[in-house]
Amino acid sequence: MAGYHDGDGPDGGLLIIGASQAGVQLAGSLRALGHRAPITLLGDENHRPYQRPALSKDFLQGKVTSESLIFRTAEYWDEHRIRLVKGERITAIDRADDGGGVARSESGARFAFDRLALTVGARARRLDIDGADLAGVLYLRNADDALALKARMPEATDVVVIGGGFIGLEAAASADTMGRRATVLEAGPRLIGRAVGSETSDHFLGAHRGRGVDVILNAEIVRVVGADGAVTGVELADGRVVPAQIVLVGIGVIPNTDLAEAMGLECDNGIRVDEYALASDGVTIAVGDCANMPNPVRGAPPGDRIRIESVNNAIEHAKVAAYSLVGRREEYAGIPWFWSNQGDLKLQIAGLSTGYDRTVVRRDDEKGKFSVLYYRGEQIIAADCVNHPLDFMAVKNALAKGATIPADAASDVATALKSITIADPAAPLAARPAVPAER
Ligand SMILES: Cc1cc2nc3c(=O)[nH]c(=O)nc-3n(C[C@H](O)[C@H](O)[C@H](O)COP(=O)(O)OP(=O)(O)OC[C@H]3O[C@@H](n4cnc5c(N)ncnc54)[C@H](O)[C@@H]3O)c2cc1C
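With full-length UniProt numbering applied, the sequence shown covers 1 to 439.
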């Protein structure tokens, strides 16, 4: 790529903006590939790069320390010659024609680069109603948010969570585990409606209510009410006021596309990239939660695009980008997968269920296991597995091999899915070879 050198010259090398899951992986993968050019990994947070998932779970509940969330030791960055810059927010980028340029930060610092990668992630969508600015109305996207939430917990008896998605339910389950009265207000007719089918939503509704979390579906929130500047409750359209000393807003995220837009890059629910993580200028890299990419799943409808918010995606996408930066064209490896721990509910999702036409539910109440398999025609495309790692692994492996699991046989919960996985879904039943079991 013009203007980009691997190790020769005093220039700025690669500048990665956003020092989180995707940025850390990109920098590390490049060094693992033998890339020698200077790398600057820059982020606006005042923490060493850390993992987010525990923020709504074990960290909030005080089961793990903040130190245990840190990705790498201080020595790692020196050893790998990665310059780590904390606490600098990039607000402008001046570009040269060759892909290089200078990034300027809020503080006035300048960072020259030969090549730019945007791993800027996403930010929490803000609540836009009366009372949303009261003290105690909180969000949960980063470590500072989690610290603020944790600090308020001891004084709270009632926690209202606005939004019944993953983050909201994880936080509600944590609050409940911590002995708080937790209420989830979901505007839609079911929980986690964007990510799972109705059977899984119903299962989570029953389980959360069963453990004492109050869940109000189709909630019409009028305003957040307060006294002396602090939140005291949330008022609903039917006149009810749900008491709260903490209101946690978990209504989704917005991809950070402002820098990319200012650079003239195509954006549409994220920064549009090709299958090699290259933005519309053909030079800038965009990876992770901020990127809108071609659907990487085999058999996805042509032209289908997707923006995935998950650790696994940030990692796999960053690997694709690292290859791209060293001049190799490697496509996304593996099957998208995701997890969400909500109290004792351990959800694992393999694949992407968009476009399914039927489901098979496998439920074993005695053992607390529950799975939903999603099919498009004969082909399994995804599964939501609750407390069922074997089902999850079987589906993930089947998807990775382009195999399927016949729906009729799968409905028997006593049958292990891996024992009925079929290698070639197109072959007639009798002629289908069984897939060798995973070891
Ligand atoms: C509370 C919580 C729980 C989660 N739990 C799970 C889970 O259980 N399983 C799972 O798979 N995923 C989970 N996720 C999602 C997962 O953490 C994200 O998908 C992942 O962090 C995405 O990584 P990223 O690097 O693309 O973006 P981010 O993690 O959003 O990082 C982007 C970074 O860029 C910085 N930045 C943005 N703009 C600028 C700028 N202009 N200048 C400098 N820096 C900038 C941001 O501050 C941030 O540090 C969870 C997320 C949260 C918040």
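Where is the CB? At the ideal position from N, CA and C, for every residue including glycine.
Residue from A182, A314, V326, L116 with nearest C-alpha to residue 480: Because residue 480 is not part of the residues shown, which for the chain are 1 to 439, the question remains open.
Those runs of the beta strand (DSSP E) which lie wholly inside the stretch 100-174 and span at least 3 residues: 101-105, 110-113, 115-118, 122-124, 137-139, 158-162
Cβ-heavy atom distance, K57 to ligand 1, below 8 Å: yes
Selected residue, minimal CA-CA separation from I221, among V386, G193, E275, V161: For the residues V386, G193, E275, V161, the minimum Cα distance to I221 belongs to V161.
Cβ-Cβ distance between Y120 and C290 below 9 Å: The sequence given here has Val at residue 120, not Tyr. Cβ distance < 9 Å, so V120 and C290 count as in contact.
beta-carbon D120 near ligand 1 non-hydrogen atom, thresh 8 Å: Sequence inspection shows Val at residue 120; the Asp mentioned does not correspond to that position. Because some heavy atom of ligand 1 lies under 8 Å away, the Cβ of V120 counts as near it: yes.
C-alpha gap between V213 and T157, whole angstroms: 13 Å
The beta strand (DSSP E) enclosing K369, as first and last residue numbers: 369-376
L42 beta carbon near ligand 1 (any heavy atom closer than 8 Å): Set against 8 Å, the gap from the CB of L42 to the closest heavy atom of ligand 1 is smaller.
Rounded separation between V273 and A322 - CA only: 14 Å
Proximity test, Q61 beta-carbon vs ligand 2 heavy atom, cut-off 8 Å: Absence of ligand 2 from the depicted structure is noted, with ligand 1 being the only ligands included.
N- and C-terminal bounds of the beta strand (DSSP E) containing N292: 291-294
For P243, the three-state DSSP class (helix, strand or coil): Look at P243 here: in three-state DSSP terms it is strand.
For V311, the nearest candidate out of A37, P336, N46 (CA to CA): P336
Beta-carbon proximity list for G334, same chain, < 7 Å, skipping 5 on both sides: E316, A400
C-beta atoms of L345 and V386 nearer than 9 Å: For the pair L345 and V386, the CB atoms are nearer than the 9 Å cut-off.
heavy atom of ligand 1 below 8 Å from T91 C-beta: yes
Other residues of its chain near D357: CB distance less than 8 Å, five sequence neighbours each side excluded: Around D357: Y375, R376, G377.
Beta-carbon proximity check, V231 vs L325, cutoff 9 Å: no
K63 burial status per 10 Å Cβ neighbour count (16 or more: buried): exposed
Cβ-heavy atom distance, F166 to ligand 1, below 8 Å: Proximity of the beta carbon of F166 to ligand 1 is indicated: a heavy atom of the ligand is located closer than 8 Å.
Length of the line joining the Cα atoms of F71 and A409: 42 Å
CA-to-CA distance, N256 to K86, given in whole angstroms: 18 Å
Nearest residue (CA-CA) to A403, options D412, A414, I420: Of the candidates D412, A414, I420, I420 places its Cα closest to the Cα of A403.
Whole-Å CB distance - L205 paired with V215, under 8 Å assumed: The C-beta distance from L205 to V215 rounds to 6 Å, short enough to fall under 8 Å.
Span of the alpha helix (DSSP H) around N341: DSSP places N341 in no alpha helix (DSSP H) but in the uninterrupted beta strand (DSSP E) bounded by 337-342.
Close beta carbons around P38, own chain, < 6 Å, minus the five adjacent residues each side: If we look at P38 and ignore the five residues flanking it on each side, its Cβ neighbours are G13.
Reference G351; option with closest CA among N397, G18, D114, R126: N397
E275 and P296 closer than 9 Å at C-beta: In contact: E275 and P296 (Cβ atoms closer than 9 Å).
G351 - partner residues in DSSP beta bridges: A382
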